[in-house]
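What follows is a set of notes on a single structure, which appears directly below.
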Amino acid sequence: MHLGPGQAAHGDAGAPGTLAVLRSGPTPPAPGATPLVAAHGFTQHAGTWGPLLADLAADRPVAAVDLPGHGGSAAVDADLWGTASLLAAAGGHGDYLGYSLGGRVCLHLALAHPEVVRRLVLVGATAGIRDPAARLARRAADAALAERLASRPLASFLQDWLAQPLFRTLAPADAAVEARLANTPAGLAASLRSCGTGNQQPLWDRLGELRMPVLLVAGALDVRFTAAAVAMARAIGANAAVAIVPGAGHACQLERPAHVARLVRSFLA
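So, in structure tokens, the structure goes:
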């Protein structure tokens, strides 16, 4: 994340068992502006949002959180429901923005702690794998990936991770590989074991419980997650909207940050 006005250069590590937070925003804070709490994707951390959060922090307080196993929260280990509670404690009442892993965490947060969420933005997120056999296969793949993390240099793992078809449209300059190297293999492996998609129980039948406004964002070139966004919006109901980012893939917030910032700012207004 590029440092914006009033943004700290380092996150607040907090007490053991809490999540590190990187805070930014206008100084003094804009009167009445609702804070935005942001949760990143796997292998990222609070400092890897690119220009997006610096843009949004121009007119509101922003708290970018390091999820368990990542960045300043590398020593924290929690499953998705536990992470949701930690995120609620770190972020407090506000608007929540989650990408991929962070989107799944924010979805759990909105279901477990709806009182802290004013509006919810989910980017490249899913409510889980419905098919039990496919979910079991993904759990085994996540476990194998976690084992691989322990046996090779992190730079090599990241090279393979970002070479997936999911990230084929993400330019190397936008991927922030050097920044991702601030993570640890042990922390990332723990995140996979505790919060991997294979360990997520499907939440499709609970989406109708969400009462806050929800924006589901996906890159137009990310066909799988575009379909997931449409299906999730249908299950949530009239309080949900879908925004498709043209010419972008899974990491649309990195590929087209100005476009995504406009979408988010309009939705939060």
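At position 85 of the sequence shown the residue is numbered 85 (the working numbering), and the sequence of numbers has no breaks.
Even for Gly, the Cβ is constructed at its ideal location relative to N, Cα and C.
Since the model is a prediction, treat every value here as computed from it, not as a measurement.
Helix, strand or coil at residue i [DSSP, three-state]
{"i": "L170", "result": "coil"}
{"i": "I236", "result": "helix"}
{"i": "R118", "result": "strand"}
{"i": "A251", "result": "coil"}
{"i": "L76", "result": "Sequence check: residue 76 is Val here, not Leu. Of the three classes helix, strand and coil, the one that applies to V76 here is coil, per DSSP."}
{"i": "A182", "result": "coil"}
{"i": "L23", "result": "For the sequence presented, residue 23 should be read as Arg rather than Leu. In this structure, R23 counts as strand in the three-state DSSP scheme."}
{"i": "A127", "result": "coil"}
{"i": "A243", "result": "strand"}
{"i": "D95", "result": "strand"}
{"i": "L3", "result": "Below a pLDDT of 50, predicted positions are generally treated as unreliable, and L3, at 32, falls in that range; the measurement from the model is reported next regardless. In this structure, L3 counts as coil in the three-state DSSP scheme."}
{"i": "T18", "result": "coil"}
{"i": "A9", "result": "Here the model assigns A9 a pLDDT of 33, short of 50, so the residue's position is not dependable and the matter cannot be decided."}
{"i": "L192", "result": "helix"}
{"i": "A89", "result": "helix"}
{"i": "A228", "result": "helix"}
{"i": "P165", "result": "helix"}
{"i": "L207", "result": "helix"}
{"i": "A175", "result": "helix"}
{"i": "G32", "result": "coil"}
{"i": "G82", "result": "helix"}
Same chain only: Cβ atoms within 6 Å of residue i, ignoring 5 sequence neighbours per side
{"i": "A89", "result": "none"}
{"i": "V37", "result": "A63, G91, G94, Y96"}
{"i": "F157", "result": "L149"}
{"i": "L166", "result": "H250"}
{"i": "N183", "result": "H70"}
{"i": "T126", "result": "A228"}
{"i": "G196", "result": "D142"}
{"i": "A171", "result": "none"}
Residue range of the beta strand (DSSP E) that includes residue i
{"i": "A64", "result": "62-65"}
{"i": "L216", "result": "214-219"}
{"i": "L36", "result": "36-39"}
Residue closest to residue i, alpha-carbon to alpha-carbon, out of the options
{"i": "G128", "options": "L120, R118, R139, C252", "result": "R139"}
{"i": "N239", "options": "R118, Q164, T43, G103", "result": "R118"}
{"i": "W204", "options": "A75, T27, I236", "result": "I236"}
{"i": "A133", "options": "R265, F42, S266, Q201", "result": "Q201"}
{"i": "G25", "options": "D59, G124, A241", "result": "D59"}
{"i": "V123", "options": "F225, P35, T48", "result": "F225"}
{"i": "A268", "options": "P29, A33, E178, L22", "result": "What sits at residue 268 in the sequence shown is Leu, not Ala. That would be A33, whose Cα lies nearest to the Cα of L268."}
{"i": "L107", "options": "V245, R234, G219, L210", "result": "L210"}
{"i": "V245", "options": "V76, M232, V223, G187", "result": "V223"}
{"i": "D174", "options": "E255, G219, L215", "result": "E255"}
{"i": "R206", "options": "R234, A186, A243, R193", "result": "R234"}
Buried versus exposed, by CB contacts within 10 Å (16 or more), residue i
{"i": "V62", "result": "buried"}
{"i": "Q253", "result": "buried"}
{"i": "P5", "result": "The predicted model places P5 with a pLDDT of 30, which falls under 50 and marks its position as unreliable, so this point remains unresolved."}
{"i": "Q164", "result": "exposed"}
{"i": "P31", "result": "exposed"}
{"i": "S100", "result": "buried"}
{"i": "D131", "result": "exposed"}
{"i": "D160", "result": "exposed"}
{"i": "G208", "result": "exposed"}
{"i": "S266", "result": "exposed"}
{"i": "G17", "result": "exposed"}
{"i": "M1", "result": "For M1, the predicted model reports a pLDDT of 37, less than 50, meaning its position is unreliable; a value from the coordinates is still stated below. It counts as buried."}
{"i": "A144", "result": "exposed"}
Host alpha helix (DSSP H) of residue i (start-end)
{"i": "S266", "result": "257-268"}
{"i": "A143", "result": "132-149"}
{"i": "W103", "result": "It is Gly, not Trp, that sits at residue 103 in the sequence shown. Run containing G103: 101-112, per the alpha helix (DSSP H) assignment."}
{"i": "L53", "result": "51-56"}
{"i": "A46", "result": "Neither: A46 is in no alpha helix (DSSP H) and is coded neither H nor E."}
{"i": "L162", "result": "154-162"}
Own chain residues within Cβ distance below 7 Å of residue i, not counting five before or after
{"i": "L52", "result": "Q253, P257, V260, A261"}
{"i": "R135", "result": "I129, G198"}
{"i": "V264", "result": "L56, L97, V121"}
{"i": "A189", "result": "A146, L149, A150"}
{"i": "R180", "result": "T43, Q44, T48, L158"}
{"i": "G103", "result": "L122, V123, G124, A125"}
Cβ neighbours of residue i in the same chain (closer than 8 Å, five flanking residues each side left out)
{"i": "L221", "result": "T169, G247, A248, G249"}
{"i": "A112", "result": "W81, A84, S85, A88"}
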